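Count the sequence shown with my numbering and you get residues 315 to 660, in order.
Glycine included, every Cβ here is placed at the ideal spot set by N, Cα and C.
The structure displayed is predicted, hence computed values, not measured ones.
Below is one structure, written out as structure tokens; comments come after it.
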Amino acid sequence: MRLKAILCKGPESIVVGEIGEPKAAAHEVIVEPLYGSICGSDIAICGFHGKKYPGIDPSPDNPVVLGHEWSGVYDGRLVSAGCTLGCHGQAIYPPCPSCTIGREDQCYNRKRIGFEVQGAFSERMAFPISLLFNVPEGLDAKAASQTEPLSVAVNAVKYLGKVDGGKTVLVWGAGPIGFYVMQYAKVMGSNRIFVVDIAEYRLRMAERLGASRTFNPRKEDPVSLIKEETEGAGVDVAFECTGYAPAFNRVIEASRRMGTVVIVSIYGESLIIEHPFREMTDKGLTIKNARLGPADSVRLALKSLAEGSVKPVITHEFDMDEAERAFTVAANPDRYESVKVVIKLG
Ligand SMILES: [Zn+2]
Ligand SMILES: [Zn+2]
């Protein structure tokens, strides 16, 4: 039987096409995705605005079945998951050194749905049963589609940034990941959270979601204002969430001595550390890099969504047949005031 799926066939070529029935290996089951959520990585894979995603090169002969943020049904239950297939998710034994310590996000054999293997924007998909999480009672399928992006934020905030109640936090870049980082910093107890972005609608949204203060670099100098707010010291933990390499330098300037900077960005250009390099070393900053999230961050993401301590930042919803339109809206956030765009798959 042929199944409907959203395929990328090259730059800005999004097609609702057909794929073959997925086959489940011994460690996998067949799941039926209900909601999919479009990520910045999907936009890059699909080559919008001339972007490229390293290592993934879709073409008409070799299309990518997109989708790594999703919720769906297995065995009559609502389920969700992360996107990373580490050693356990691929039945590779013995597991690699990263998977041995529970860091599937850094697996030496890593594969991801919607990147190297079939994604979730389809009617059915094979998925490792050990990586499926039950969606808690009271959380609907649409909100549960935000599990994976929130799990990235959980990893960045809890495990890497080690945010707690005593820490001041800066989130530079209020895209979907920035919003989830900001909200999870609140979950971890921080009550001083500064958010920087160039779009006013995103700053207003950050305020509604609990930011202490927001700054627009097109109108003011966030670094000097953050210094004023922190008695000249700077913030304890800063998250760079723009994907815009020059912002990294501003984040360094806004950090306090012995502070931590977590990069939650994928830079499509060279990261040039300007004169703040001296500042970075002089201040003894710790720089960490966040990509994906281990299985435990997926569990915590579902918990926060179910409790309501993190609100989904979904602004638009489309049907599967409107996939092309959905991608246009997601790829042009300022034109449509979009944050997260979801697609109803089932
Ligand atoms: Zn993603
Ligand atoms: Zn591994």
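Tell me whether the beta-carbon of residue i lies closer than 8 Å to the beta-carbon of residue j.
{"i": "residue 470", "j": "residue 604", "result": "yes"}
{"i": "residue 612", "j": "residue 631", "result": "no"}
{"i": "residue 387", "j": "residue 379", "result": "no"}
{"i": "residue 397", "j": "residue 359", "result": "no"}
{"i": "residue 458", "j": "residue 466", "result": "no"}
{"i": "residue 542", "j": "residue 437", "result": "no"}
{"i": "residue 530", "j": "residue 517", "result": "yes"}
{"i": "residue 553", "j": "residue 475", "result": "yes"}
{"i": "residue 600", "j": "residue 574", "result": "yes"}
{"i": "residue 654", "j": "residue 624", "result": "no"}
{"i": "residue 440", "j": "residue 593", "result": "no"}
{"i": "residue 374", "j": "residue 334", "result": "no"}
{"i": "residue 550", "j": "residue 481", "result": "yes"}
{"i": "residue 442", "j": "residue 399", "result": "yes"}
{"i": "residue 494", "j": "residue 651", "result": "no"}
{"i": "residue 390", "j": "residue 620", "result": "no"}
{"i": "residue 329", "j": "residue 317", "result": "no"}
{"i": "residue 659", "j": "residue 349", "result": "yes"}
Taking its Cβ as the centre, do 16 or more other Cβ atoms sit within 10 Å of residue i, making it buried, or is it exposed?
{"i": "residue 566", "result": "buried"}
{"i": "residue 536", "result": "buried"}
{"i": "residue 415", "result": "exposed"}
{"i": "residue 595", "result": "exposed"}
{"i": "residue 444", "result": "exposed"}
{"i": "residue 622", "result": "exposed"}
{"i": "residue 522", "result": "exposed"}
{"i": "residue 563", "result": "buried"}
{"i": "residue 418", "result": "buried"}
{"i": "residue 424", "result": "buried"}
{"i": "residue 407", "result": "exposed"}
{"i": "residue 637", "result": "buried"}
{"i": "residue 356", "result": "buried"}
{"i": "residue 267", "result": "Missing from the structure shown is residue 267; the chain here goes from 315 to 660 and no further."}
{"i": "residue 609", "result": "buried"}
{"i": "residue 586", "result": "exposed"}
{"i": "residue 591", "result": "exposed"}
{"i": "residue 532", "result": "exposed"}
{"i": "residue 422", "result": "exposed"}
Determine which residues share a DSSP beta bridge with residue i and list them.
{"i": "residue 633", "result": "658"}
{"i": "residue 447", "result": "394"}
{"i": "residue 362", "result": "DSSP output for residue 362 lists no bridge partner at all."}
{"i": "residue 572", "result": "In DSSP, residue 572 forms no bridge with anything."}
{"i": "residue 347", "result": "386"}
{"i": "residue 482", "result": "506"}
{"i": "residue 528", "result": "509"}
{"i": "residue 601", "result": "575"}
{"i": "residue 367", "result": "370"}
{"i": "residue 553", "result": "485, 576"}
Return the Cβ separation of residue i and residue j in integer angstroms, given the expectation that the two are a contact with Cβ distance under 8 Å.
{"i": "residue 548", "j": "residue 572", "result": "10 Å between Cβ atoms; not a contact."}
{"i": "residue 499", "j": "residue 509", "result": "That belief does not hold up - the Cβ atoms of residue 499 and residue 509 are roughly 10 Å apart, past 8 Å."}
{"i": "residue 584", "j": "residue 463", "result": "The pair is not a contact, with the Cβ atoms about 26 Å apart (cut-off 8 Å)."}
{"i": "residue 274", "j": "residue 557", "result": "Lying outside 315 to 660, the shown extent of the chain, residue 274 is not represented and no answer is given."}
{"i": "residue 382", "j": "residue 434", "result": "7 Å"}
{"i": "residue 512", "j": "residue 555", "result": "Not really, about 13 Å apart at Cβ, beyond 8 Å."}
{"i": "residue 576", "j": "residue 602", "result": "5 Å"}
{"i": "residue 420", "j": "residue 412", "result": "4 Å"}
{"i": "residue 486", "j": "residue 561", "result": "5 Å"}
{"i": "residue 385", "j": "residue 461", "result": "7 Å"}
{"i": "residue 614", "j": "residue 468", "result": "5 Å"}
Is residue i helix, strand or coil by DSSP?
{"i": "residue 595", "result": "helix"}
{"i": "residue 355", "result": "helix"}
{"i": "residue 316", "result": "strand"}
{"i": "residue 515", "result": "helix"}
{"i": "residue 419", "result": "helix"}
{"i": "residue 373", "result": "coil"}
{"i": "residue 534", "result": "coil"}
{"i": "residue 385", "result": "strand"}
{"i": "residue 564", "result": "helix"}
{"i": "residue 492", "result": "helix"}
{"i": "residue 424", "result": "coil"}
{"i": "residue 331", "result": "strand"}
{"i": "residue 580", "result": "coil"}
{"i": "residue 431", "result": "strand"}
{"i": "residue 456", "result": "helix"}
{"i": "residue 628", "result": "strand"}
{"i": "residue 442", "result": "strand"}
{"i": "residue 407", "result": "coil"}
{"i": "residue 661", "result": "What is shown of the chain runs 315 to 660, which leaves residue 661 out entirely."}
{"i": "residue 436", "result": "strand"}
{"i": "residue 413", "result": "helix"}
{"i": "residue 545", "result": "coil"}
{"i": "residue 321", "result": "strand"}
{"i": "residue 619", "result": "helix"}
{"i": "residue 523", "result": "coil"}
{"i": "residue 379", "result": "strand"}
Are any of the Cβ atoms in chain B nearer than 8 Å to that of residue i?
{"i": "residue 616", "result": "Annotation note: the requested chain B is absent from the structure, which comprises a single protein chain."}
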